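*Asks:* Quick one: this structure, given as structure tokens, is what I'll be asking you about.
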Amino acid sequence: MGVIDLNADLGEGDGPWRVEPPADDALLDLVTSANVAAGFHGGDASIMSATCAAALTRGVAVGAHPSYDDREGFGRRPLAVPPDVLRAQVAYQVGALVAVASSVGAQVTHVKPHGALYNAVVHDDEQARAVVEGVLAVDPRLAVLGLPGSRVLAHAAAAGLRTVVEAFVDRGYRADGTLVPRTEPGALVTDPVVAAERAVRLAVDGVVVAVDGTPVHLRPDSLCVHSDTRGAVALAAAVRHGLRQAGVDVRPFAGRLPDEP
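Residue numbers (this note's numbering): 269 to 529.
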């Protein structure tokens, strides 16, 4: 039997970028890890607290979801942030969530960059190093999520942090394993049946098909469903059902040893 984590980016609140109202509670009933916005692209102290508390009651692992300082653009606009500033911003956001989570009895287990920052640290060494240094400044026991082969995972591993390879069931892939930009055709997967099929193949075979038909080989520890994708709850439910039917155990990576399948 295979094992996989299912995560979602939560606690981001409402805004013009959403196509549907937030459905965090419903998603928390389906996922095993929650990446909680820490105020720079969405969310606030009250939402952070409520999301951490709701995750705790469901046994869902809590992670920090730091972003560029860009609420207006929902953290999805590339920004030229100096490494020392970015280091401080990441530490600020992760530290804030650690404190808020602790106030409701929850513990932060991991960090996953958001949006444009997530994409930047795939190839940008300076930005990736700054993110890792920001995480280390708060807690060297935290794991870091990222795309396979990304610079942020390389720097995290070199610094002694646990690394977690992530794949997306609701995003299109290019042949090089990077995500199709949201402005291009094929960027989003909104059909629950297709998402479930992708999740099973990723969990069982470690493969996803790129938009040009190329098979991309990954070995993800965690699968992501974005909370702002249209029909996110239906997608997550279909993914959970598909994985269960395929005999894949869905549970938090935070509860497993790094070398456990």
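Built from N, CA and C at the ideal position, the CB exists for glycine as well. This one's a predicted model, so the numbers in the text were calculated from it and none came from an experiment.
Rounded C-beta distance between Leu295 and Ala322? I'm assuming under 8 Å.
*Replies:* Here residue 295 corresponds to residue number 27 of the sequence shown, with the count starting at 1. Here residue 322 corresponds to residue number 54 of the sequence shown, with the count starting at 1. Not quite, the Cβ-Cβ distance comes to about 10 Å (not below 8 Å), so this is no contact.
*Asks:* Whose C-beta lies closer than 6 Å to the C-beta of Glu465 among residues of the same chain, with five residues either side of it excluded?
*Replies:* Position 197 of the sequence shown holds residue 465. So no residue of the chain qualifies.
*Asks:* By a C-beta neighbour count over all protein chains shown, 10 Å radius and 16 as the cutoff for buried, is Arg397 buried or exposed?
*Replies:* Translated into the one-based positions of the sequence shown, residue 397 becomes position 129. Burial is judged here by how many other beta carbons sit within 10 angstroms of a residue's own beta carbon; Arg397 has at least 16 and is buried.
*Asks:* What residue range is occupied by the uninterrupted alpha helix (DSSP H) comprising His509?
*Replies:* Residue mapping note: residue 509 aligns to position 241 of the sequence shown, counting from 1. It spans 500-513 - the alpha helix (DSSP H) in which His509 sits, taken as one unbroken run.
*Asks:* Between which two residues does the beta strand (DSSP E) carrying Thr431 extend?
*Replies:* Locating residue 431 in the sequence shown gives position 163, where the first residue counts as 1. 431-436 is the extent of the beta strand (DSSP E) around Thr431.
*Asks:* If you reduce the DSSP assignment to three classes, tell me which class Ser314 lands in.
*Replies:* Here residue 314 refers to the residue found at position 46 when the sequence shown is read from its first residue. Looking at Ser314 - three-state DSSP - the assignment turns out to be helix.
*Asks:* Could you tell me which whole beta strand (DSSP E) segments of length 3 or greater appear in the region 362-427?
*Replies:* Qualifying beta strand (DSSP E) stretches, in chain order: 376-379, 411-414.
*Asks:* Is it a yes or a no for the region 469-485 touching the region 495-506, going by three-plus beta-carbon pairs under 8 Å?
*Replies:* no
*Asks:* Could you name the residues of the same chain whose beta carbon sits closer than 6 Å to that of Phe436, not counting the 5 residues immediately before and after it, in chain order?
*Replies:* Taking the sequence shown and counting its residues from 1, one reaches residue 436 at position 168. Within its own chain, the residues whose Cβ lies closer than 6 Å to the Cβ of Phe436, once the five positions on either side in sequence are excluded, are Cys492, listed in chain order.
*Asks:* Shortest alpha-carbon distance to Asn387 belongs to which of Ala313, Gly499, Arg450?
*Replies:* Looking up residue 387 in the sequence shown gives position 119. Per the Cα distances, Arg450.
*Asks:* One question on the structure: do Ile272 and Val518 come within less than 8 Å of each other, judged by their Cβ atoms?
*Replies:* The sequence position of residue 272 within the sequence shown is 4, counting from 1. The sequence position of residue 518 within the sequence shown is 250, counting from 1. In this structure, Ile272 places its C-beta atom within 8 Å of the C-beta atom of Val518.
*Asks:* Hey, Thr458 and Val390: beta-carbon distance below 8 Å or not?
*Replies:* Sequence index remark: in the sequence shown, residue 458 carries index 190 (1-based). Sequence index remark: in the sequence shown, residue 390 carries index 122 (1-based). Their beta carbons are not under 8 Å apart, which means Thr458 does not touch Val390 by this criterion.
*Asks:* Name, in chain order, the residues that DSSP records as bridge partners for Val330.
*Replies:* Sequence index remark: in the sequence shown, residue 330 carries index 62 (1-based). Ala302, Val376, per the DSSP bridge assignment.
*Asks:* Apply the 10 Å Cβ neighbour rule to Gln361 and answer buried if 16 or more other Cβ atoms are within range, or exposed otherwise.
*Replies:* Here the question's residue 361 lines up with position 93 in the sequence shown. Burial of Gln361 is indicated by the presence of at least 16 other C-beta atoms within 10 angstroms of its C-beta.
*Asks:* Inspect the CB distances between the region 330-337 and the region 296-312 and report whether three or more fall short of 8 Å.
*Replies:* yes
*Asks:* Looking only at its chain, what residues have a beta carbon closer than 6 Å to the beta carbon of Gly281, apart from the 5 residues adjacent to it on each side?
*Replies:* Taking the first residue of the sequence shown as position 1, residue 281 is located at position 13. Within the same chain, Gly281 has close Cβ partners Gly310, Gly311, Ile315.
*Asks:* If we call anything under 8 Å between Cβ atoms a contact, is Gly499 one with Pro460?
*Replies:* Stepping through the sequence shown from its first residue, residue 499 is reached at position 231. Stepping through the sequence shown from its first residue, residue 460 is reached at position 192. Result yes, Cβ atoms of Gly499 and Pro460 sit closer than 8 Å.
*Asks:* Give the DSSP-derived three-state secondary structure of Glu360 in the structure shown.
*Replies:* What you label residue 360 is simply residue 92 of the sequence shown in a count that begins at 1. Reading off the sequence, residue 360 comes out as Tyr, not Glu. In this structure, Tyr360 counts as helix in the three-state DSSP scheme.
*Asks:* Strictly by DSSP, which residues pair up with Pro483?
*Replies:* Against the sequence shown, residue 483 aligns to sequence position 215. Paired residue(s): Val477.
*Asks:* With DSSP as the reference, label Leu347 as helix, strand or coil.
*Replies:* Locating residue 347 in the sequence shown gives position 79, counting from the first residue. The answer is coil: DSSP assigns Leu347 none of H, G, I, E or B.
*Asks:* Please classify Ala348 as buried or exposed, where buried requires at least 16 neighbouring CB atoms within 10 angstroms.
*Replies:* Stepping through the sequence shown from its first residue, residue 348 is reached at position 80. Under this definition Ala348 is an exposed residue.
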